[in-house]
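Numbering (full-length UniProt numbering), first residue to last: 1 to 260.
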């Protein structure tokens, strides 16, 4: 349907469209996407408009704030059921119905007895503390506005270190007139909103893709560190700026007189 030489560019554009942060952005970006590709791939665009912009149009990142973007949790639960309960056997419907009630009862009792607990607040991993701390050390210039009990911080994305009010205005008013402009300008500034009350910084939000997927990101953590709302653990400072933390626990100190 699409020429092989153009497939990679088309997929990249669809991925950029999927990152739309709200309905207004998605609607405008969709029109620009259609305008760009209808010139060369009319058959595909007719299909895409009917199937993914009309019939099924709730697939962009910002369609449901604070709702899962993936089915990873469901797949993990599915794996537990197969591994611990059905033992990967194919059961008759009648037997599986009985087993399903037993599984739900067991899970309920685990929560009731406190063997498993719900998390009502975000838990910041050491990896996120590290990336947040390193982000602070990048010394980016930040502009802010305060409204009621919230402060909105505008942060340059990527390797940029400075932003202007004009660039913020472009993002807020969606001043892009082609899909390529959308890709370039819609993601060069992130917006972090934090409560004025520093004790509630975990309730902060960001419009970057990482936050939409995990409900927390290095920008929120980094702003909280920068504003002295919190302090990162010492282990978060052990990684050189620009390096990523390896998986697993941090290495423990060796015995005295041994080089590490």
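All residues carry an ideal CB built from backbone N, CA and C; glycine is no exception.
Residues that DSSP places opposite residue i in a beta bridge
i	result
residue 152	145 and 193
residue 206	192
Beta-carbon spacing of residue i, residue j below 9 angstroms
i	j	result
residue 129	residue 235	yes
residue 194	residue 157	no
residue 165	residue 143	yes
residue 189	residue 203	no
residue 122	residue 215	yes
residue 85	residue 99	yes
residue 73	residue 186	no
residue 29	residue 42	no
residue 60	residue 26	yes
residue 66	residue 1	no
residue 155	residue 140	yes
residue 15	residue 62	no
With 16 other Cβ atoms within 10 Å as the buried cut-off, status of residue i
i	result
residue 133	buried
residue 120	exposed
residue 196	exposed
residue 183	buried
residue 7	exposed
residue 218	buried
residue 205	buried
residue 233	exposed
residue 108	exposed
residue 94	exposed
residue 261	Because the chain is modelled from 1 through 260, residue 261 falls outside the range shown and cannot be assessed.
Inter-residue spacing [alpha-carbon to alpha-carbon] between residue i and residue j
i	j	result
residue 268	residue 161	Past the boundaries of the shown model lies residue 268; the chain is included only from 1 to 260, so the question cannot be answered.
residue 39	residue 33	11 angstroms
residue 145	residue 229	18 angstroms
residue 178	residue 124	38 angstroms
residue 49	residue 170	27 angstroms
residue 92	residue 3	47 angstroms
residue 111	residue 103	13 angstroms
residue 10	residue 148	42 angstroms
residue 52	residue 89	37 angstroms
residue 12	residue 5	13 angstroms
residue 105	residue 159	51 angstroms
residue 46	residue 115	53 angstroms
Proximity to residue i [Cα-Cα], best of the options
i	options	result
residue 264	199, 208 and 64	The structure shown has nothing for residue 264, since the chain only spans 1 to 260.
residue 220	82, 191 and 233	191
residue 181	5, 45 and 36	36
residue 227	127, 89 and 137	137
residue 127	239, 13 and 176	239
residue 131	163, 176 and 210	210
residue 150	113, 201, 115 and 176	201
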